[in-house]
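Chains as they are written, first to last, in my numbering: chain Y, 1 to 267; chain Z, 1001 to 1296.
Cβ coordinates follow ideal geometry from the N, Cα and C atoms, glycine included.
What you are looking at is a predicted structure, and each value in this text was computed from that prediction instead of being measured.
Read the structure below first, then the notes.
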């Protein structure tokens, strides 16, 4: 499964940079001075034990929380305080830890909503000038159907998303995020609660999205398993601080990381 | 049999009028999870503004347009000034805010336009069509037109929800705020649109009910008639609002005619609530509402 080509990373500036990010919830310091960058074209995994601040970091990247203090740069532009829907417009899509699909809508509609930002014709032109709206709808529909084919979910296109089993919901959510043709895709525990086969399916889709669509991917995972195989680089968080940053090989042999995961080894 | 049909049809047509009011609730509940108690006050405010403008300043059609603009302004204003600062508070707080709003809007409407009763005449007589009388059905023309208008309104709303980009975004927002934001849907714009549409529905309902009852303070009490409709149909379903309205309308008329005589009459006024209570016992999320199952 490990098919990374190390030459894939571009030499340009990082796609996303986080500088000295702090995040406080009440009296709890969830993130304490984390700095990291995501290179264009890579798959970066953020791992760490429970409560390490991984999801908080994803929420900061997608604009749900704003770091204080701290700065977030995307393509070199400061976007620290941008609200989530503006962040989405910059080309950052995400999935959620506890699947946040539109449960009452069909799979097709869910993924169509993912293309919201690409649709130009608004309220009135679609209501009144039917022609233009229809032409656009067909164009986007084609892309969405392509994604559905690619994710191998043709058979459930018309099914309400809420009625699907968990593994498929996760896959549909991935499809919705990819429909936006994002520059950066944030995946919050995409394999949580899955069996091995489902995990491998998702791993395959993540690798394909990275290679075929050229999407930069940042994924958060709790356990190291599959993640180590598909990532170019791994960042390790523990108690809101970064304790490791390197290739999967380097991380595997890092003393601090081993200690955080396994506790008092060698004592 | 003809008599039964007549009762049934006039009941269904009255039900359409209830649906009109219920629709306004459903719109707002779907998009923002707020049970907007002020919907009735919005209906009164719309009817009052429309009728007074047409009496004093302009022809009726112009008054309708101006009122529509005013309602969109009032509705989006409510959303922006009153409810937005309360986002993410418990539903009961939002509900209390809308009760306050209801009193405010009733007061404002009467402060501007006075408290006397107005009649609206939209030029459709409230008596049966001759060719229907010949077939033995006493069905009011006005009821038919009201049903037609409600039907068109519903068709437009359904088209909007199912086929347009904004409609799809609206459904997405009603399902999951966070996910909607993550795909780039601006919540505020969507909430503004929703309240604007609720304003439009209030205007249509206000004109239709105003024609029927006269435009006066008690118009805002028709929210109470919308409650059983919502309980029956489900708070978050447009289809539910329509079907619920029809069932309530038909059943209250039939109950009055066929059961009322047994107990001395007058059950029309409370029968819908009786039906509502039955539904709360056996199907609390309504016929078409989203079933919420909480696992313990």
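>> Helix, strand or coil, according to DSSP, for residue 222 of chain Y in the structure here?
In response: Taking the first residue of the first chain as position 1, residue 222 of chain Y is located at position 222. Coil.
> Rounded to whole angstroms, how far is the Cβ of residue 1138 of chain Z from the Cβ of residue 1006 of chain Z, which I believe are closer than 8 Å?
Replying inline: In the second chain, residue 1138 of chain Z corresponds to position 138, counting from 1. In the second chain, residue 1006 of chain Z corresponds to position 6, counting from 1. Between residue 1006 of chain Z and residue 1138 of chain Z the Cβ distance is about 6 Å, and since that is below 8 Å, they are a contact.
>> Below 9 Å on C-beta distance, what does residue 117 of chain Y contact in chain Z?
In response: Taking the first residue of the first chain as position 1, residue 117 of chain Y is located at position 117. Within 9 Å Cβ-Cβ: 1183, 1184 and 1185.
>> Using a Cβ-Cβ distance cut-off of 7 Å, determine whether residue 1172 of chain Z contacts chain Y.
In response: For the purposes of this step, residue 1172 of chain Z is taken as the residue at position 172 of the second chain. Yes, contact with chain Y.
> Leaving out five residues before and five after residue 119 of chain Y in sequence, what residues of the same chain have Cβ atoms less than 7 Å from its Cβ?
Replying inline: Here residue 119 of chain Y refers to the residue found at position 119 when the first chain is read from its first residue. The answer, listed in chain order, is 136 and 140.
> Assuming residue 220 of chain Y and residue 1183 of chain Z make a contact with CB atoms under 8 Å, what is their CB distance in whole Å?
Replying inline: Locating residue 220 of chain Y in the first chain gives position 220, where the first residue counts as 1. Locating residue 1183 of chain Z in the second chain gives position 183, where the first residue counts as 1. Actually they do not touch by this definition, with Cβ atoms about 19 Å apart.
> Assuming residue 1173 of chain Z contacts residue 1039 of chain Z under a Cβ cut-off of 8 Å, what Cβ separation, rounded to an integer in Å, is found between them?
Replying inline: Locating residue 1173 of chain Z in the second chain gives position 173, where the first residue counts as 1. Locating residue 1039 of chain Z in the second chain gives position 39, where the first residue counts as 1. With a contact defined as Cβ atoms closer than 8 Å, residue 1173 of chain Z and residue 1039 of chain Z miss out at about 19 Å.
> Got a sec, what are the start and stop residues for the beta strand (DSSP E) residue 32 of chain Y sits in?
Replying inline: Position 32 of the first chain, counting from 1, holds the residue named residue 32 of chain Y. Unbroken beta strand (DSSP E) run through residue 32 of chain Y: 28-38.
> According to a CB-to-CB cut-off of less than 7 Å, which residues of the stretch 1151-1166 of chain Z neighbour chain Y?
Replying inline: 1160, 1164, 1165 and 1166
>> Relative to the C-alpha of residue 1196 of chain Z, which candidate in Z:1178, Z:1217, Z:1027 and Z:1276 has its C-alpha closest?
In response: In the second chain, the residue the question calls residue 1196 of chain Z occupies position 196. The shortest C-alpha separation from residue 1196 of chain Z is found at Z:1027.
>> I need the straight-line Cα distance from residue 214 of chain Y to residue 177 of chain Y, nearest angstrom please.
In response: The sequence position of residue 214 of chain Y within the first chain is 214, counting from 1. The sequence position of residue 177 of chain Y within the first chain is 177, counting from 1. Approximately 14 Å, taken between the alpha carbons.
> residue 109 of chain Y to residue 1168 of chain Z, Cα distance in whole Å?
Replying inline: One-based indexing of the first chain puts residue 109 of chain Y at position 109. One-based indexing of the second chain puts residue 1168 of chain Z at position 168. So the alpha carbons of these two residues sit roughly 8 Å apart.
> Which one or two residues does DSSP pair with residue 1252 of chain Z in a beta bridge?
Replying inline: In the second chain, the residue the question calls residue 1252 of chain Z occupies position 252. DSSP lists no partner for residue 1252 of chain Z.
> First and last residue of the alpha helix (DSSP H) that includes residue 1175 of chain Z?
Replying inline: Within the second chain, the letter at position 175 stands for residue 1175 of chain Z. Segment 1165-1175, the alpha helix (DSSP H) holding residue 1175 of chain Z.
> For a contact meaning CB atoms closer than 8 Å, what does residue 1169 of chain Z contact in chain Y?
Replying inline: Looking up residue 1169 of chain Z in the second chain gives position 169. Near residue 1169 of chain Z (Cβ distances below 8 Å), the residues of chain Y are 113 and 116.
>> Taking 8 Å as the cut-off, does the stretch 177-190 of chain Y touch the stretch 81-101 of chain Y (at least 3 CB pairs, one atom from each stretch)?
In response: yes
>> Does the CB of residue 1079 of chain Z have a neighbour CB from chain Y at under 7 Å?
In response: Mapped onto the second chain, residue 1079 of chain Z falls at position 79. Residue 1079 of chain Z does not count as touching chain Y.
> Can you give the Cα-Cα distance for residue 1163 of chain Z and residue 1264 of chain Z, rounded to whole angstroms?
Replying inline: Locating residue 1163 of chain Z in the second chain gives position 163, where the first residue counts as 1. Locating residue 1264 of chain Z in the second chain gives position 264, where the first residue counts as 1. In this structure, the alpha-carbon of residue 1163 of chain Z lies about 50 Å from that of residue 1264 of chain Z.
> So which of Y:260, Y:231 and Y:248 has the shortest CA-CA distance to residue 241 of chain Y?
Replying inline: Mapped onto the first chain, residue 241 of chain Y falls at position 241. It is Y:260.
> Would you call the CB atoms of residue 1044 of chain Z and residue 1219 of chain Z closer than 7 Å?
Replying inline: Start at 1 with the first residue of the second chain, and residue 1044 of chain Z comes out as number 44. Start at 1 with the first residue of the second chain, and residue 1219 of chain Z comes out as number 219. Closer than 7 Å, so yes.
> Does the distance from the C-beta atom of residue 17 of chain Y to that of residue 73 of chain Y stay below 7 Å?
Replying inline: One-based indexing of the first chain puts residue 17 of chain Y at position 17. One-based indexing of the first chain puts residue 73 of chain Y at position 73. Taking 7 Å as the Cβ cut-off, residue 17 of chain Y and residue 73 of chain Y qualify as a contacting pair.
> How would you label residue 1009 of chain Z, buried or exposed, when you count the other beta carbons within 10 angstroms and need 16 or more for buried?
Replying inline: Looking up residue 1009 of chain Z in the second chain gives position 9. Residue 1009 of chain Z is buried by the Cβ-count criterion.
> For the stretch 1240-1255 of chain Z against the stretch 1202-1216 of chain Z, are there 3 or more C-beta pairs whose distance is under 8 Å?
Replying inline: no
>> Check for me: the beta strand (DSSP E) holding residue 72 of chain Y runs from which residue to which?
In response: The count along the first chain starts at 1 and reaches residue 72 of chain Y at position 72. Per DSSP, residue 72 of chain Y belongs to the beta strand (DSSP E) from 71-74.
> Can you give the Cα-Cα distance for residue 1088 of chain Z and residue 1187 of chain Z, rounded to whole angstroms?
Replying inline: Taking the second chain and counting its residues from 1, the one referred to as residue 1088 of chain Z is at position 88. Taking the second chain and counting its residues from 1, the one referred to as residue 1187 of chain Z is at position 187. Taking the straight line from one Cα to the other gives about 13 Å.
> Mapping DSSP to helix, strand and coil, what is residue 1221 of chain Z?
Replying inline: Here residue 1221 of chain Z corresponds to residue number 221 of the second chain, with the count starting at 1. Three-state DSSP puts residue 1221 of chain Z in a helix.
>> Ignoring anything shorter than 4 residues, give me the alpha helix (DSSP H) runs that lie fully in the stretch 1100-1167 of chain Z, in order along the chain.
In response: 1130-1134 and 1141-1163
> What are the residues that DSSP puts in a beta bridge with residue 1003 of chain Z?
Replying inline: Numbered from 1 along the second chain, position 3 holds the residue referred to as residue 1003 of chain Z. According to DSSP, residue 1003 of chain Z bridges with nothing at all.
> Using a C-beta cutoff of 7 Å, does residue 105 of chain Y count as contacting chain Z?
Replying inline: Sequence index remark: in the first chain, residue 105 of chain Y carries index 105 (1-based). Yes - at least one Cβ of chain Z is within 7 Å of the one on residue 105 of chain Y.
> Which residues in chain Y sit within 9 Å of residue 1178 of chain Z, going by Cβ to Cβ distance?
Replying inline: Working through the second chain from its first residue, we reach residue 1178 of chain Z at position 178. What residue 1178 of chain Z touches in chain Y: 64, 84, 96 and 100.
> From Y:204, Y:169 and Y:222, pick the residue whose C-alpha is nearest to that of residue 188 of chain Y; which is it?
Replying inline: Sequence index remark: in the first chain, residue 188 of chain Y carries index 188 (1-based). Of Y:204, Y:169 and Y:222, the residue nearest in Cα terms is Y:222.
> What are the residues of the stretch 172-194 of chain Y that lie near chain Z, defined by any Cβ-Cβ distance shorter than 7 Å?
Replying inline: 176 and 180
> What span of residues does the beta strand (DSSP E) with residue 17 of chain Y cover, start to end?
Replying inline: Within the first chain, residue 17 of chain Y is the residue found at index 17, counting from 1. Going by DSSP, residue 17 of chain Y is part of the beta strand (DSSP E) stretching over 16-25.
> Which of the residues in the stretch 67-91 of chain Y, read from start to end, lie with their CB under 7 Å from any CB of chain Z?
Replying inline: For the stretch 67-91 of chain Y, the set of residues with a beta-carbon nearer than 7 Å to any beta-carbon of chain Z comprises 84, 85, 88 and 89, in chain order.
> Roughly how many angstroms lie between the CA atoms of residue 1268 of chain Z and residue 1013 of chain Z, to the nearest whole one?
Replying inline: Counting from one through the second chain, the residue named residue 1268 of chain Z turns up at place 268. Counting from one through the second chain, the residue named residue 1013 of chain Z turns up at place 13. Computed Cα separation, rounded: 15 Å.
>> Taking its Cβ as the centre, do 16 or more other Cβ atoms sit within 10 Å of residue 1279 of chain Z, making it buried, or is it exposed?
In response: By one-based count along the second chain, residue 1279 of chain Z stands at place 279. The residue in question, residue 1279 of chain Z, is buried, as its Cβ has 16 or more Cβ neighbours within 10 Å.
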